[in-house]
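Colleague: Pasting a structure below so you can have a look.
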Amino acid sequence: MEIQAKSMTNYDVCSIFLGTSTLMVWVGVIRYLGYFEKYNVLILTMRAALPKVLRFCCCAGMIYLGYTFCGWIVLGPYHEKFEGLSRVAECLFSLVNGDDMFPTFAQFEQKNTMVWLFSRAYLYSFISLFIYMVLSLFIALITDAYETIKGYQTTGFPMTELQRFLMGQKEDFPLQGQEGVGTECGEAETVHPSVMLCCCKSHSGFCLKMAKSNVCYHDQPMGFFYNNSNITSDEWDQTQLILVQVVGSICCCFILVANAMIIAAVVTNRRFHYPFYYLLANLAASDFLAGIAYVYLMFNTGKISRDLTVQGYFFRQGLLDASLSASLTNLLVIALERYISIMNWKVHSNLNKRRVTLLIALVWGISIFMGAVPSLGWNCICSLDLCSKLAPIFSRSYLIFWSVSNLVLFLIMVGIYLRIYIYVMRKTVVLKAHTSGSINRKRTPVKLIKTVMTVLGAFVICWTPGLVVLLLDGLKCEQCDVLKFKRWLLLLAVLNSVMNPIIYSYRDEEMWTTIKNLMCCVRNGTRRQRSSKANIQRGSGRETTSSLKENTAEDSKVSTQEMLKS
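Per my numbering, the sequence shown starts with residue 236, numbered consecutively.
Right, dumping it as structure tokens:
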């Protein structure tokens, strides 16, 4: 009765945890059915098909995401079911299930002929691809796994490599270390310890393979991993080192000072206490961390990098990856916030401080996790043949994941900004048709178009080359010299943190005025400190001279009194 009436405090949070735990309890009951061979088919089939299904869903999800963004950008202004990403995803999912096909796309014929033709091609290609191919292959994967498990239940499950190895050892030592009677009665048999410790000649290859795969090199310096990756061009010339340190120091000083001023401006000016400016301050904080990370990188690179420990290298790269992930994620969150405000034709969105705080915490949580993923186990310390060249202890699969995920975020940002651009341009045309004069661009969201294009251009120039090189290294491109432009691509990526304060603050007159006032306050504060010190010194000088005069006067009085007494 309490659940139906929803009379409990914090019902939503409690209901989510209670419902999820109840679901997991009933799912956990299935494991008790595993003791019965005929009832264990579902678990074994799911376990056998899960890796293939996950890989298949990743590829199909990319295509589905492309159709979602395409429908949102092109068909969004003409139909209510394509206005948002969630609605487009739900509409396409209903199309896959055969629901609501004709009524949805019949309305486009009345809107625009070109859009109607595009909707036809969009509909036929999506249905042909997902219903006739993707779903069929998905069902085929599960059916194949079921047939395999069904065959194993009749003929017996195959032995693993370890089981075959142990059986071979038992054949070589049939009577050593047995406990009790023979194994025909079903009693346990213990293999002699020497069988598990030594490697006989017939299984020496397997033992060496097992030993090599289980050896980890956590105690080795980074020079060992650089030599393993055959990195000989990592040494810095003296000219290159000086040039990179000078340019990097200038960039880092600008990043630290500019982003600190932006954070101070948002905190001190009450006009900036809105969601967009809170996210802007968070972007400045992530760029500030990027400056610190790059300073740490400059003083721990070149020959010094070969003497680093594994933990030190993880810290260096993790700090850099976390800062860059925070900058990228902040740009995505700002793009979403701008999209919400522009779609409502407002200067600021209706996000409250609690939601903004949760978004900021989510951004930093994701960034710290992304920076810590290699140190948590996704590395090649225990499998040297999987190491990359750009990061000698990072696995190539992690570089593929890192580059592809960032490129996907880049495509999402492009889609959001294109959607904003199309909407603003159409809204501007409508406003011009209903107004006699020109629109004041400083008081409407039209002024964001230049900022949007500048952000897109800066992101493409600064990030895409580095991500492409990381992807090529992850794919093990033997013909690609990925080490040749490594340091310059990294410097180019850091320039994004240099451009962000200029793009997001210099175009805002209020922000620029606040920053100039802060600089004037700092300048006036230093002048006041100097003047106060000078006044203190002058006052102390006057006090010392007056005290000297008083002391000389007292000495003269004492001397005259002594003369009179005598």
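No residue lacks a Cβ here, since even glycine has one placed at the ideal position from N, Cα and C.
Going by other Cβ atoms of all chains shown within 10 Å of its Cβ, with 16 needed for buried, is Ala596 buried or exposed?
Modeller: Mapped onto the sequence shown, residue 596 falls at position 361. Flag for Ala596 reads exposed.
Colleague: Beta-carbon within less than 8 Å of Glu315's beta-carbon, same chain only, minus the 5 sequence neighbours each way: which residues are those?
Modeller: What you label residue 315 is simply residue 80 of the sequence shown in a count that begins at 1. Same-chain partners within the cutoff: Arg322.
Colleague: Spatial neighbours of Lys385 within its chain, please: C-beta separation below 8 Å, excluding the five flanking residues on both sides.
Modeller: Reading the sequence shown from its first residue, position 150 is the one you call residue 385. So the list reads Val276, once near-sequence residues are dropped.
Colleague: Quick check on the burial criterion: 16 or more other C-beta atoms within 10 angstroms. Buried or exposed for Cys622?
Modeller: Your numbering for residue 622 matches position 387 in the sequence shown. Its Cβ being crowded by 16 or more others within 10 Å, Cys622 is buried.
Colleague: Where Leu594 and Ala516 are concerned, what is the direct C-alpha to C-alpha distance, given to the nearest angstrom?
Modeller: As a working mapping, residue 594 is identified with position 359 in the sequence shown. As a working mapping, residue 516 is identified with position 281 in the sequence shown. Roughly 13 Å between the two C-alpha positions.
Colleague: So, at 8 Å on beta carbons, what are the nonlocal neighbours of Thr749 in its own chain, with the 5 sequence-adjacent residues on each side left out?
Modeller: Numbered from 1 along the sequence shown, position 514 holds the residue referred to as residue 749. Contacts found: Ala500, Thr503, Asn504 and Phe507.
Colleague: Just verifying my parser: in three-state terms, what is the DSSP assignment at Phe629?
Modeller: Position 394 of the sequence shown, counted from the start, is the residue given in the question as residue 629. Looking at Phe629 - three-state DSSP - the assignment turns out to be strand.
Colleague: In or out: Trp307 buried (at least 16 other Cβ within 10 Å) or exposed?
Modeller: Walking along the sequence shown from the start, residue 307 turns up at place 72. Buried, since its Cβ has 16 or more Cβ neighbours within 10 Å.
Colleague: Return the chain-ordered list of same chain residues with a C-beta closer than 6 Å to the C-beta of Phe365, the five sequence neighbours on each side being excluded.
Modeller: The residue given as residue 365 occupies position 130 in the sequence shown. These residues qualify, in order along the chain: Val331.
Colleague: Taking three-plus beta-carbon pairs below 8 Å as touching, is the segment 715–722 in contact with the segment 541–556?
Modeller: With a cut-off of 8 Å, the segment 541–556 and the segment 715–722 do not count as touching, because too few Cβ pairs lie within range.
Colleague: Using the beta-carbon count (16 or more within 10 Å), is Cys497 buried or exposed?
Modeller: Position 262 of the sequence shown holds residue 497. One detail in the question is off: residue 497 reads as Ile in this sequence, not Cys. Looking at its Cβ environment, which holds 16 or more other Cβ atoms inside 10 Å, Ile497 is buried.
Colleague: Can the beta-carbon of Leu555 be found closer than 9 Å to that of Gly606?
Modeller: Within the sequence shown, numbered from 1, the residue matching residue 555 stands at position 320. Within the sequence shown, numbered from 1, the residue matching residue 606 stands at position 371. Their beta carbons are under 9 Å apart, which means Leu555 touches Gly606 by this criterion.
Colleague: Starting from Gln546, trace the alpha helix (DSSP H) in both directions and tell me its first and last residue.
Modeller: What you label residue 546 is simply residue 311 of the sequence shown in a count that begins at 1. Unbroken alpha helix (DSSP H) run through Gln546: Val545 to Met578.
Colleague: If you run the structure through DSSP and keep just helix, strand and coil, what is Cys294?
Modeller: To locate residue 294, count along the sequence shown from 1; it is residue 59. It is helical.
Colleague: Is Thr255 helix, strand or coil when you go by DSSP?
Modeller: As a first step, residue 255 is located in the sequence shown; it is residue number 20 there, counting from the start. Three-state result, Thr255: helix.
Colleague: Do Ile635 and Ile616 come within 9 Å of each other at the CB atom, strictly closer than that value?
Modeller: Residue mapping note: residue 616 aligns to position 381 of the sequence shown, counting from 1. Residue mapping note: residue 635 aligns to position 400 of the sequence shown, counting from 1. Their beta carbons are not under 9 Å apart, which means Ile616 does not touch Ile635 by this criterion.
Colleague: From Met281 to Leu476, what does the alpha carbon distance come to, in whole angstroms?
Modeller: As a first step, residue 281 is located in the sequence shown; it is residue number 46 there, counting from the start. As a first step, residue 476 is located in the sequence shown; it is residue number 241 there, counting from the start. If you take the alpha carbons of Met281 and Leu476, they lie about 55 Å apart.
Colleague: Using only the heavy atoms of the ligand ZN, determine whether one of them is closer than 8 Å to the beta carbon of Val323.
Modeller: Of the ligands one can find in the structure shown there are none, so the ligand ZN has no counterpart to examine.
Colleague: When the Cα of Ile362 is compared with those of Asn735, Ser484, Gly333 and Thr536, which residue comes out closest?
Modeller: As a position in the sequence shown, residue 362 is number 127, starting the count at 1. Among Asn735, Ser484, Gly333 and Thr536, the Cα nearest to that of Ile362 belongs to Gly333.
Colleague: Would Val264 be called buried (16 or more neighbouring beta carbons within 10 Å of its own) or exposed?
Modeller: Residue mapping note: residue 264 aligns to position 29 of the sequence shown, counting from 1. Counting Cβ neighbours within 10 Å, Val264 comes out exposed, since fewer than 16 surround it.
Colleague: What separation, rounded to the nearest whole angstrom, lies between the Cα atoms of Ser618 and Pro609?
Modeller: The residue you call residue 618 lines up with position 383 of the sequence shown. The residue you call residue 609 lines up with position 374 of the sequence shown. Cα to Cα, the separation comes out at about 13 Å.
Colleague: How about Tyr652 and Lys588: do their beta carbons lie closer than 9 Å?
Modeller: Locating residue 652 in the sequence shown gives position 417, where the first residue counts as 1. Locating residue 588 in the sequence shown gives position 353, where the first residue counts as 1. Not a contact, by the Cβ cut-off of 9 Å.
Colleague: Going by C-alpha distance, which of Tyr531, Arg758, Lys721 and Cys451 is nearest Leu706?
Modeller: For this step, residue 706 is matched to residue 471 along the sequence shown. Nearest C-alpha to Leu706: Lys721.
Colleague: Taking all protein chains shown into account, decide if Arg746 is buried (16 or more other Cβ within 10 angstroms of its Cβ) or exposed.
Modeller: On the sequence shown, residue 746 is found 511 positions in, with the first residue counted as 1. In the sequence under discussion, the amino acid at residue 746 is Met, which differs from the Arg named in the question. Looking at its Cβ environment, which holds 16 or more other Cβ atoms inside 10 Å, Met746 is buried.
Colleague: For the candidate residues Tyr658, Ala561, Lys711 and Phe550, whose alpha-carbon lies nearest to that of Asn579?
Modeller: Translated into the one-based positions of the sequence shown, residue 579 becomes position 344. Nearest option by C-alpha distance: Tyr658.
Colleague: Do you know offhand how far Ser602's Cα is from Phe694's?
Modeller: On the sequence shown, position 367 is the one that residue 602 refers to. On the sequence shown, position 459 is the one that residue 694 refers to. Near 18 Å, if we compare the C-alpha coordinates of Phe694 and Ser602.
Colleague: Please report the residue range of the alpha helix (DSSP H) in which Phe460 lies.
Modeller: The count along the sequence shown starts at 1 and reaches residue 460 at position 225. Phe460 -> alpha helix (DSSP H) spans Met457 to Asn463.
Colleague: Please state whether the Cβ-Cβ distance between Ala295 and Phe373 is less than 9 Å.
Modeller: Here residue 295 refers to the residue found at position 60 when the sequence shown is read from its first residue. Here residue 373 refers to the residue found at position 138 when the sequence shown is read from its first residue. In this structure, Phe373 lies closer than 9 Å to Ala295 by Cβ.
Colleague: Can you tell me where the alpha helix (DSSP H) holding Ile362 begins and where it ends?
Modeller: Position 127 of the sequence shown, counted from the first residue, corresponds to residue 362. Taken as a continuous stretch (DSSP letters only), the alpha helix (DSSP H) holding Ile362 covers Thr348 to Leu364.
Colleague: Could you check if Lys624 is buried or exposed, using at least 16 other CB atoms within 10 Å of its CB as the buried criterion?
Modeller: By one-based count along the sequence shown, residue 624 stands at place 389. Classification of Lys624: buried, given that the 10 Å Cβ count is 16 or more.
Colleague: Is Cys622 helix, strand or coil by DSSP?
Modeller: Within the sequence shown, numbered from 1, the residue matching residue 622 stands at position 387. Strand, per DSSP.
Colleague: Determine whether the beta carbon atoms of Ala561 and Ala525 lie at a separation below 9 Å.
Modeller: Residue 561 sits at position 326 when you count from the first residue of the sequence shown. Residue 525 sits at position 290 when you count from the first residue of the sequence shown. Going by C-beta atoms, Ala561 is nearer than 9 Å to Ala525.
Colleague: Look at the alpha carbon of Leu186 and the alpha carbon of Tyr267, and state the distance between them as a whole number of angstroms.
Modeller: Outside the shown range of the chain (236 to 801) lies residue 186, about which nothing can therefore be said.
Colleague: By DSSP, does Asn614 sit in helix, in strand, or in coil?
Modeller: One-based indexing of the sequence shown puts residue 614 at position 379. DSSP places Asn614 in strand when its eight states are reduced to three.
Colleague: Would Leu478 count as contacting chain B if we go by Cβ distances under 9 Å?
Modeller: Here chain B cannot be found, since the structure has a single protein chain.
Colleague: Would you kindly check if the distance between the Cβ of Arg590 and the Cβ of Met457 is under 9 Å?
Modeller: Numbered from 1 along the sequence shown, position 222 holds the residue referred to as residue 457. Numbered from 1 along the sequence shown, position 355 holds the residue referred to as residue 590. No.
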